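Protein chains in written order, with the numbering used here: chain F, 24 to 332; chain Y, 24 to 332; chain W, 24 to 332; chain L, 24 to 332. Glycine residues also receive a C-beta, built at the ideal position from the N, C-alpha and C atoms. Please read all numbers here as calculations on a predicted model, not as lab measurements. To start, the structure itself, in structure tokens.
Rendered as structure tokens:
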């Protein structure tokens with residue numbers, strides 16, 4: 024498989040997957056899912072919006088839930104500095120994508136744009152901060168979500184996405200080849216296997232948003248809570264382990280509006296330039312290891328608000 | 024549901040489920056499964072037999088594997104004293120069951136008999152001992168099996184089994200009712216929910232033999248080992264949790280010959296006479312909690328050697 | 024070391040260590056310790072008393088806390104039936120110990136008496152029940168205490184205690200010899216290493232009361248909570264592991280009034296008559312394994328209310 | 024406390040703490056410690072040297088052990104590209120530090136130099152790779168060390184070290200102030216709290232080298248192994264948790280030659296520029312949380328080979 028040459032010194036520094044903005048029908052049902060069961064904490068709230076963060080996060084929010092018809096508004100990423108934000112804006116504009124400066128609550132200067140797949144993106148350099156609760160054991164409950172880790176988008180423009188993100192300094196950590204074509208790409212900026220993943224299917228739609236939890240037992244603990252709360256139908260796949268891309272133990276859940284959430288307890292680091300991308304071929308795939316994803320895990324995805332109309 | 028009156032002071036003291044004697048086609052394949060993956064240790068072996076025990080067991084063996092066509096020879100239970108053994112022999116003989124005194128390697132005086140379901144049983148009061156490895160952290164590996172806990176037999180004589188075992192001082196901890204009939208009974212002597220379980224299906228056949236492991240993560244750890252060893256097909260059901268009888272987290276595996284093994288990390292104690300049996304009705308069953316057993320978990324069972332001919 | 028002959032068929036059936044009745048200065052401070060931090064649940068309460076049970080316990084209470092000057096009122100044990108209670112009363116009376124029938128809230132007929140060490144004891148056959156919360160994952164928090172396991176009493180009458188308890192069918196699981204004398208004895212009825220332990224020191228006083236928690240991480244989790252609550256001084260010893268009697272991982276805590284609580288995640292079973300008592304000699308002792316108990320763990324013990332005057 | 028202005032866009036990209044080169048008296052004793060107990064794997068070896076890596080590391084080595092009088096030869100860091108290495112060489116030379124290009128087995132072009140504290144440093148951009156064993160559950164044993172994380176150096180030049188490392192783009196994550204002076208600084212490049220720490224004491228000497236393990240139970244598991252192997256004296260401090268800098272659960276061990284190793288299961292991420300350094304003042308220090316470091320943890324440190332003469 025021909026792969027683009029890595030860009031080690033991009034013109035601007037995107038640093039990490041940062042937050043997701045989603046629409047949900049009922050904020051109290053969402054709060055029960057994200058806070059009571061997943062363990063995220065409320066940084067702020069009003070009548071139409073919840074801003075949530077994980078237990079180790081100092082940033083104001085990694086999940087923003089707005090009242091509305093279920094859809095994903097945007098996935099958010101961080102750049103390092105305000106200067107990077109300007110360079111990024113110029114880059115997207117030069118590439119022919121619409122860019123728009125917007126005011127976003129609790130965030131610094133924010134840019135809205137899209138990528139070749141049509142993913143609605145939001146970039147900023149800064150956000151308000153709140154106390155890190157990493158060592159506040161009294162605030163840990165449910166799955167004890169620590170932080171947002173990555174997104175997975177489905178699109179038929181996987182190759183174009185690879186070229187575009189690679190050009191901005193994203194590193195390809197793993198990829199899947201099917202019949203000689205790129206089927207999935209795992210792209211990272213923060214030194215673990217992924218910040219954003221693109222998988223081949225009609226899109227752009229969001230497959231899932233992934234969060235780190237502390238330990239393996241938290242995957243089992245939170246499943247117990249779903250059953251006790253008579254919500255076992257929201258446990259979609261796992262706990263099990265991927266023995267193909269990602270290689271992590273996982274649990275996939277569905278929130279009350281159908282947004283898919285992945286929880287996982289650990290990931291490997293990949294920083295050095297000699298870390299070559301791992302190639303997987305479809306027949307040797309071991310998603311789930313000793314178990315098999317249900318059909319809905321493959322097929323159900325969430326529309327993006329701006330493309331859903 | 025009409026239940027028999029508990030017998031708190033039986034004439035003889037059966038103390039616990041003790042061991043299983045099974046036939047397997049290949050001792051090295053079985054050793055790889057039971058020792059390398061499950062973590063049992065070899066107490067003794069010869070060309071045709073492996074005697075295994077769990078890491079906390081002082082008794083010489085809880086699993087005996089003999090070369091032969093796959094089948095279960097016997098399930099073994101302990102009585103407290105030699106005197107209990109004689110009283111038990113008299114009881115089974117008076118009830119019309121064949122009884123036979125046999126010589127069994129590493130065991131004291133041993134009685135062979137059967138129960139109303141036709142389960143081939145073996146009773147003894149003593150066994151040779153080996154060092155307990157409970158605190159020998161250097162011997163822990165794989166699933167780190169600590170000890171044998173219970174058996175599940177399928178039979179259409181569930182009611183008869185309840186009457187018979189109840190009469191010998193077994194306590195009913197939980198039971199399942201289906202259309203007004205007894206569908207499953209969980210019977211115990213050692214103070215946790217079960218030593219032997221009978222489930223309604225054509226039998227007598229063995230559904231599974233269960234072992235305790237230390238902690239939840241061991242259920243996930245051993246699944247990883249099955250996949251790494253390209254044996255993921257032997258992981259049948261779980262890790263998950265029962266929210267009906269037993270109430271424990273579990274993992275069901277199949278050994279190389281199809282014998283089903285359950286691993287679980289913890290169980291509640293039930294000793295006091297005010298602990299009434301828990302009744303479950305079929306529609307409220309939550310076997311597996313957030314997941315569902317595969318068909319083969321319901322339907323595949325192992326024949327007993329003496330009844331298989 | 025000369026040991027008494029085990030009594031396998033005692034005249035009456037004591038079944039297990041059951042509950043402890045303690046006096047504390049402030050019920051709210053005690054509730055914060057036992058419920059918020061240890062995870063016990065309130066079965067009932069009034070202005071002067073809290074009745075608590077562990078998450079797997081069906082019995083109404085395993086801990087009773089009464090307003091008063093800090094002391095232990097009684098340690099409670101269960102007999103199997105009402106008939107056993109009468110036989111036990113006769114046995115204690117014949118041995119010259121005072122016996123008294125008392126009314127105790129939520130308990131069946133209850134007997135007060137003392138043993139050779141002077142330990143104030145309470146026996147009953149039945150208690151009211153409450154829902155077992157074993158699988159109620161939503162009720163698990165803090166150390167997630169599952170159930171009471173055993174008591175440790177200090178006395179200079181270790182040999183007399185062994186003879187007396189052995190005569191009632193208690194099995195000696197382990198013992199410590201120091202300069203040819205019995206220094207500690209571990210006695211059990213329920214099939215794990217101990218229901219009651221006697222250690223050589225001026226008494227009778229209570230060293231600690233032990234409870235089982237689900238897994239190793241709960242020992243670390245609850246320590247975090249003590250520090251977050253600025254109560255790190257109540258963490259006395261551990262988490263670590265005993266490599267002498269008991270062989271379990273442990274954590275010793277002190278409640279707000281100085282009552283010592285041990286938490287441990289697992290114990291081995293010991294049921295069969297070939298399980299000989301394990302002898303430990305003082306120099307080979309490894310209490311704490313890689314760590315060493317502080318002086319106060321050895322020396323601070325709690326008075327019994329009736330002997331404190 | 025006056026802190027230097029962060030340098031977000033340094034002239035060259037140091038990426039992470041990478042490896043440590045230590046001298047030990049007996050390679051077999053060291054292999055028993057690092058491989059059998061800690062779980063590192065051997066990438067290569069010869070008669071005088073062991074090259075080890077953690078279970079998730081693709082890089083050839085994170086620990087190099089050479090036969091010799093116990094001392095630390097160097098701590099190693101990575102730069103992103105060969106060009107960064109040249110820029111770094113120029114930077115150190117311009118600052119007046121000796122720089123030397125050396126041949127190092129299994130590494131690309133390597134630079135030796137020192138920092139203001141006198142720490143002997145080694146930088147390279149590339150290293151040979153070996154298979155990542157992250158998902159190879161069959162290779163996990165002992166503490167299951169995943170990867171090297173950071174170093175702690177003692178020096179009286181803490182302020183100078185801060186200025187120098189800050190100038191190279193290291194971010195200050197946390198720091199300790201004692202009587203108005205900088206007592207400890209935690210510096211990072213890879214997005215978690217530290218790659219290198221400087222603490223105020225006579226130096227330069229190495230306090231410890233830290234490695235990540237998967238989960239909390241691994242800290243307890245490996246302590247058991249030290250006791251079973253009669254090496255309990257090498258367990259120095261923990262398992263416990265820091266409630267001041269780092270905020271992680273930890274265990275400190277001493278290798279057979281006295282090199283101190285920290286193991287910890289998790290750390291928070293810190294990437295965004297609004298993540299301000301956390302200031303700790305000496306009296307509010309909670310190193311160890313509910314426990315207290317032994318004197319030797321404060322006072323025993325390891326000499327660097329080049330400064331030891």
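Run through chain L and tell me which residues come within less than 8 Å of residue i, C-beta to C-beta.
i	result
residue 248(Y)	160, 161
residue 113(F)	Ordered by position in chain L, no residue passes the 8 Å Cβ test against residue 113(F), which lies about 17 Å from the chain.
From residue i to residue j, what does the alpha carbon distance come to, in whole angstroms?
i	j	result
residue 21(F)	residue 48(F)	A query on residue 21(F) cannot be resolved here, the shown segment of chain F reaching from 24 to 332 and no further.
residue 131(Y)	residue 83(Y)	11 Å
residue 297(L)	residue 46(W)	51 Å
residue 290(W)	residue 219(W)	14 Å
residue 42(W)	residue 54(W)	17 Å
residue 197(F)	residue 146(L)	27 Å
residue 123(Y)	residue 86(Y)	21 Å
residue 89(F)	residue 72(F)	4 Å
residue 214(L)	residue 103(L)	15 Å
residue 99(L)	residue 101(F)	30 Å
Please compile the residues from chain W whose C-beta is within a distance smaller than 8 Å of the C-beta of residue i.
i	result
residue 238(F)	240
For a cutoff of 8 Å on Cβ pairs, would you count residue i as touching chain F?
i	result
residue 277(Y)	no
residue 304(Y)	no
residue 332(Y)	Residue confidence for residue 332(Y) is low, a pLDDT of 36 falling below 50, so the modelled location carries little weight; the figure read from the coordinates is stated next. Not one chain F Cβ lies under 8 Å of residue 332(Y).
Mind checking if residue i is an interface residue toward chain Y, Cβ cutoff 8 Å exclusive?
i	result
residue 258(L)	no
residue 244(L)	yes
Going along chain Y in order, which residues have a C-beta closer than 8 Å to the C-beta of residue i?
i	result
residue 251(L)	158, 159, 160, 161
residue 101(W)	294, 295
Please list the partners that residue i has in chain L, where partner means a Cβ-to-Cβ separation under 7 Å.
i	result
residue 214(F)	213, 214
residue 272(W)	243
Are the Cβ atoms of residue i and residue j separated by less than 8 Å?
i	j	result
residue 144(W)	residue 35(W)	no
residue 33(W)	residue 191(W)	yes
residue 276(L)	residue 250(L)	no
Relative to the C-alpha of residue i, which residue among the options is closest?
i	options	result
residue 308(L)	107(L), 265(L), 328(L)	265(L)
residue 75(Y)	150(Y), 92(Y), 114(Y), 251(Y)	150(Y)
residue 169(Y)	148(Y), 313(Y), 236(Y), 207(Y)	236(Y)
residue 244(L)	124(Y), 249(Y), 196(Y), 162(Y)	162(Y)
residue 229(Y)	108(Y), 44(Y), 198(Y)	44(Y)
residue 106(W)	321(W), 171(W), 280(W), 148(W)	148(W)
residue 11(L)	133(L), 166(L), 65(L), 165(L)	The structure shown does not extend to residue 11(L), since chain L is modelled only from 24 through 332, so no value can be given for it.
residue 50(F)	181(F), 321(F), 280(F), 183(F)	280(F)
residue 285(L)	241(L), 302(L), 299(L)	241(L)
Name, please, each residue of chain L whose Cβ falls closer than 9 Å to the Cβ of residue i.
i	result
residue 37(F)	Neighbours of residue 37(F) on chain L: none; closest Cβ ~11 Å, over 9 Å.
For residue i, decide whether its Cβ has a neighbour in chain W, counting only Cβ atoms nearer than 8 Å.
i	result
residue 292(Y)	yes
residue 62(L)	no
residue 79(Y)	yes
Counting only beta-carbon atoms, is residue i nearer than 8 Å to chain C?
i	result
residue 318(F)	Reference to chain C is not applicable here, since the protein chains of this structure are F, Y, W and L.
Which residues of chain W have a Cβ atom closer than 7 Å to the Cβ of residue i, listed in chain order?
i	result
residue 31(Y)	103, 104
State yes or no: is the beta carbon of residue i nearer than 8 Å to at least one beta carbon in chain L?
i	result
residue 299(W)	no
residue 66(F)	no
residue 132(F)	no
For residue i, go through chain Y and note every residue whose CB falls closer than 9 Å to its CB, in chain order.
i	result
residue 266(F)	247, 250, 251, 255
Does the beta carbon of residue i fall short of 7 Å from some heavy atom of the ligand NAP?
i	result
residue 83(Y)	The ligand content of the structure shown is nil, which means the ligand NAP is not present either.
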